[in-house]
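J.: There's a structure below that I have some questions on.
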Amino acid sequence: MAVITLTKDNFQAEVLSSNVPVLVDFWASWCGPCRMVSPIVDEVAEESDGSYKVGKVNVDEQPELAAQYGVMSIPTLLVVENGKIKTSSVGARPKNAILDMLR
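Residues in the sequence shown are numbered from -19 upward in steps of one, following our numbering.
The structure is reproduced here in structure tokens:
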């Protein structure tokens, strides 16, 4: 599955109302660690068999979402399941750690 670009307009439908867990990546183009994690997140999305979704929130374009979820440092990864945050991590993570968040 492709990565979903998340905005305040589609966050409710794509993440909070999703019937599968959603990995949400809060990022910015100027963030070095975000640039390291981004291809890994893309890979995780491409490998999805439909049991989860992956979305990205650009914090510069969606500051309201970043504030709503208390994102103080990026990259911040959240796994949202049944409308609630199941797990979160801040900073660059290897692929296996990101996949573990989804299990």
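No residue lacks a Cβ here, since even glycine has one placed at the ideal position from N, Cα and C. Bear in mind that the values here come from a model prediction, so they are computed numbers and not experimental data.
Is the CB-CB distance between P13 and P55 below 8 angstroms?
T.: Mapped onto the sequence shown, residue 13 falls at position 33. Mapped onto the sequence shown, residue 55 falls at position 75. Result yes, Cβ atoms of P13 and P55 sit closer than 8 angstroms.
J.: So, helix, strand or coil for S18, using DSSP?
T.: Residue 18 sits at position 38 when you count from the first residue of the sequence shown. Three-state DSSP puts S18 in a helix.
J.: Where S28 and M(-19) are concerned, what is the direct C-alpha to C-alpha distance, given to the nearest angstrom?
T.: Position 48 of the sequence shown, counted from the first residue, corresponds to residue 28. Position 1 of the sequence shown, counted from the first residue, corresponds to residue -19. Using only the alpha carbons, I get a separation of about 6 angstroms.
J.: What residue range does the alpha helix (DSSP H) around I65 cover?
T.: Reading the sequence shown from its first residue, position 85 is the one you call residue 65. First-last for I65: K64 to V70, but that is the beta strand (DSSP E), not the alpha helix (DSSP H).
J.: Considering only C-alpha positions, which residue in the set E41, E(-6), V59 and D(-11) is nearest to L79?
T.: On the sequence shown, residue 79 is found 99 positions in, with the first residue counted as 1. Checked all of E41, E(-6), V59 and D(-11); the closest Cα to L79 is V59.
J.: Around the Cβ of K36, are there at least 16 other Cβ atoms within 10 angstroms (buried) or fewer (exposed)?
T.: Taking the first residue of the sequence shown as position 1, residue 36 is located at position 56. Its Cβ being crowded by 16 or more others within 10 Å, K36 is buried.
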